[in-house]
Amino acid sequence: MMKVMQEDFNSLAERVDRELSLIKELPEDARRRAMELKKAIEAFHEHGLRKLVRTFRETDAGKELLLKAVEDPAVYAMLFMHGIIKQDLFTRVAAVLEEVRPYMRSHGGDVELVKVEGKTVYVRLQGACSGCSMSAVTLKNGVEEAIKARVPEIEYVIMAGDEVASGYLPIHAIDDAASLEQSGWQQGPFISELEEGRPVHFAHEEWDVLLVRIEGKVMAFRNQCPHMSMPLDRGLVDGSAITCPWHGFRFDLSTGECITAPHVQLEPFPVRVEDQRVWIRLS
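Residue numbers 0 to 282, in numbering that gives the first Met the number 0, belong to the letters of the sequence shown in order.
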């Protein structure tokens, strides 16, 4: 009698992947037949597994045994593969956020999953996104669309209240904090040089930046009124609004939106503070 060597879960999974990759190298007709055989075997297994699960669910003792069984990664993976069990909504949404996180970090921000209640997801934008004037757009066009596309049960994505007192990027959001300049960040003035509500002009090579401290947050925008491309740094600040000194257009510095013409928007830059110095991401 042939002795069968028991393989662990990872080895079995690797074996499946390896054999599938070999099937893809077969001629088209042979590959099609092999894939049909694979589907037939999987359908056969799924039929038996569903009957087994239904039997377990008929009694409380069976349900308890089933819950214990799915704690094993191999059992969970097998039932999940056949669609017999599904990941909970929180896990599925978290997986989606992992997909969009690299993009957000490349722009100096991050996103945190706060909670999932019914058909509503609550997220919190972090880092440059939390104080960025485009945060609402980022949420609507990026995070929300990704979640709804991959988890259709979700109907609403709401931005939770930001618990961070500033719009600065957390240290963990950059893989190597010592290489800020290599990541596109440029050193700006010391935070002590920024007076509340007084615009500061910062220039770096071809970049012209408007810095302003509003309610403890440091905001950075391109120093250019979108109306006629004139500089804003000499504009009058009243509360959280700045008035263009050339043509009188007013902008909300907490959002970058134009109060005079709502379709106009200031171009924002991510901001963070390290060792009491302001850093601006310009690329």
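Ideal Cβ placement from N, Cα and C applies to all residues, glycine included.
Quick caveat: nothing in here was measured; it's all calculated off a predicted structure.
For Tyr121 and Ile153, believed in contact at Cβ under 8 Å, the rounded distance: The residue given as residue 153 occupies position 154 in the sequence shown. The residue given as residue 121 occupies position 122 in the sequence shown. That pair is no contact at about 11 Å.
Distance, Ala12 Cα to Ser20 Cα: Here residue 20 refers to the residue found at position 21 when the sequence shown is read from its first residue. Here residue 12 refers to the residue found at position 13 when the sequence shown is read from its first residue. In this structure, the alpha-carbon of Ser20 lies about 13 Å from that of Ala12.
Top-ranked residue by Cα proximity to Val92, from Glu111, His81, Asp232: Residue 92 sits at position 93 when you count from the first residue of the sequence shown. Answer by Cα proximity: Glu111.
Buried or exposed (CB count within 10 angstroms, at least 16 for buried), Ala219: In the sequence shown, residue 219 corresponds to position 220, counting from 1. Looking at its Cβ environment, which holds 16 or more other Cβ atoms inside 10 Å, Ala219 is buried.
Counterpart residues of Gln186 in DSSP-defined beta bridges: Against the sequence shown, residue 186 aligns to sequence position 187. DSSP output for Gln186 lists Trp278 as bridge partner(s).
Alpha carbon of Ser228 to alpha carbon of Thr242, nearest angstrom: Position 229 of the sequence shown, counted from the first residue, corresponds to residue 228. Position 243 of the sequence shown, counted from the first residue, corresponds to residue 242. In this model, Ser228 and Thr242 are separated by some 14 Å (Cα to Cα).
Among Tyr102, Glu180, Glu116, nearest to Val142 - alpha-carbon criterion: One-based indexing of the sequence shown puts residue 142 at position 143. Out of Tyr102, Glu180, Glu116, Tyr102 has the C-alpha closest to the C-alpha of Val142.
Between the CA atoms of Asp109 and Ile84 - distance to the nearest angstrom: For the purposes of this step, residue 84 is taken as residue 85 along the sequence shown, with counting starting at 1. For the purposes of this step, residue 109 is taken as residue 110 along the sequence shown, with counting starting at 1. Asp109 has its alpha-carbon roughly 31 Å from the corresponding atom of Ile84.
DSSP-derived helix/strand/coil call for Arg149: Against the sequence shown, residue 149 aligns to sequence position 150. It is helical.
Assumed close pair Gln283, Ile40 - CB separation to whole angstroms, cut-off 8 Å: Because residue 283 is not part of the residues shown, which for the chain are 0 to 282, the question remains open.
Pairwise C-alpha distance: Lys67 and Asn217: On the sequence shown, residue 217 is found 218 positions in, with the first residue counted as 1. On the sequence shown, residue 67 is found 68 positions in, with the first residue counted as 1. The amino acid at residue 217 is misidentified as Asn; the sequence shows Val. Approximately 51 Å between the Cα atoms of the pair.
Collapsed DSSP secondary structure at Arg233 in the structure displayed: The residue given as residue 233 occupies position 234 in the sequence shown. Per DSSP, reduced to three states, the secondary structure at Arg233 is coil, with no helix or strand assignment.
Candidates Tyr155, Leu265, His200: closest to Val208 by CA position: The residue you call residue 208 lines up with position 209 of the sequence shown. For Val208, the nearest C-alpha among the options comes from His200.
Distance between beta carbons of Tyr155 and Thr119, contact taken as under 8 Å: Taking the first residue of the sequence shown as 1, we reach residue 119 at position 120. Taking the first residue of the sequence shown as 1, we reach residue 155 at position 156. Right, the Cβ-Cβ distance comes to about 4 Å (below 8 Å), so this counts as a contact.
Three-state secondary structure assigned by DSSP to Arg197: As a first step, residue 197 must be located in the sequence shown, where it is residue number 198. Looking at Arg197 - three-state DSSP - the assignment turns out to be coil, as it is neither helix nor strand.
Cross-strand partners of Ala240 (DSSP beta bridge): In the sequence shown, the residue the question calls residue 240 occupies position 241. In the DSSP secondary-structure assignment, Ala240 is bridged to Asp237, Asp251.
CA nearest to the CA of Gly117, picked from Leu78, Val150, Gly196: On the sequence shown, residue 117 is found 118 positions in, with the first residue counted as 1. Selected option, being the one with the closest Cα: Val150.
Burial state of Val115, where buried means 16 or more other Cβ atoms lie within 10 Å: Here residue 115 corresponds to residue number 116 of the sequence shown, with the count starting at 1. Sixteen is the threshold: when 16 or more other Cβ atoms of the shown chains lie within 10 Å of the Cβ of Val115, as they do, the residue is buried.
Buried versus exposed, by CB contacts within 10 Å (16 or more), Ile173: For the purposes of this step, residue 173 is taken as the residue at position 174 of the sequence shown. The pLDDT assigned to Ile173 is 42, lower than 50, so where the model puts this residue is not dependable; a value taken from the coordinates is nonetheless given after this. With 16 or more other Cβ atoms within 10 Å, it is buried.
Where Gly166 falls, given that 16 or more other Cβ within 10 Å makes a residue buried: In the sequence shown, counting from the first residue as 1, residue 166 sits at position 167. Below a pLDDT of 50, predicted positions are generally treated as unreliable, and Gly166, at 39, falls in that range; the measurement from the model is reported next regardless. Gly166 sits buried, since 16 or more C-beta atoms from the chains shown fall within 10 Å of its C-beta.
Simplified DSSP assignment, three categories, for Asp87: By one-based count along the sequence shown, residue 87 stands at place 88. Of the three classes helix, strand and coil, the one that applies to Asp87 here is coil, per DSSP.
Unbroken alpha helix (DSSP H) run spanning Val69, endpoints: Within the sequence shown, numbered from 1, the residue matching residue 69 stands at position 70. In this chain, Val69 is not harboured by any alpha helix (DSSP H), its DSSP state being neither H nor E.
Backbone CA spacing between Gly187 and Val236 [nearest angstrom]: Counting from 1 along the sequence shown, the entry for residue 187 is found at position 188. Counting from 1 along the sequence shown, the entry for residue 236 is found at position 237. Cα to Cα, Gly187 sits roughly 21 Å from Val236.
Val113 vs Arg100 beta-carbon contact at 7 Å: Locating residue 113 in the sequence shown gives position 114, where the first residue counts as 1. Locating residue 100 in the sequence shown gives position 101, where the first residue counts as 1. No.
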